[in-house]
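Letter 67 of the sequence shown, counting from 1, is numbered 262 in the working numbering, and no numbers are missing. Every residue gets a Cβ at the ideal spot worked out from N, C-alpha and C, and that includes glycine. Predicted model only: the values in this text are computed from it and were never measured. The structure appears below as structure tokens.
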Amino acid sequence: MHDHTSETNPLAALGVRLSARGFKIELTDRGLTVVNPNVRGCCAMTAHPSDTITCRRRTEDGGKRWFFTSWQDPIAPADELDDAAMYIVGYLSRHPRDAGVEE
196 MHDHTSETNP LAALGVRLSA RGFKIELTDR GLTVVNPNVR GCCAMTAHPS DTITCRRRTE
256 DGGKRWFFTS WQDPIAPADE LDDAAMYIVG YLSRHPRDAG VEE
């Protein structure tokens, strides 16, 4: 069973911070799905920008736990929740045109 409490699960704690900023979150076995309902998505299939964030050990940082995007890009160490939240807010708040997506 997965730990869904924010005191012991970094993804749950990150979800609390993102939810407070108006993002929709869902903690699943695959990770933390984050949706920005305030920005229009790129196309009909993607109504709003979203991503599924995971948390795992990063060998390049001595095995320290890090958050990663669904593209496997590192976000921030799991103990730097505010930095991780700001990074996610930033890339899920861009208008599709600003992100290089043609409308």
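As a quick exercise: from 214, 227, 219, pick the residue whose alpha carbon is nearest that of residue 205. As a working note, residue 205 is residue 10 in the sequence shown. Ranking the options by Cα distance to residue 205, first place goes to 227.
Exposure of residue 233, with buried meaning 16 or more beta-carbon neighbours within 10 Å: In the sequence shown, the residue the question calls residue 233 occupies position 38. So residue 233 counts as exposed.
Would DSSP call residue 280 helix, strand or coil? In the sequence shown, residue 280 corresponds to position 85, counting from 1. The three-state reading of DSSP puts residue 280 in helix, counting H, G and I together.
Sequence-distant residues of the same chain with beta carbon closer than 8 Å to residue 285, five excluded per side: Counting from one through the sequence shown, the residue named residue 285 turns up at place 90. Correct list: empty, nothing qualifies.
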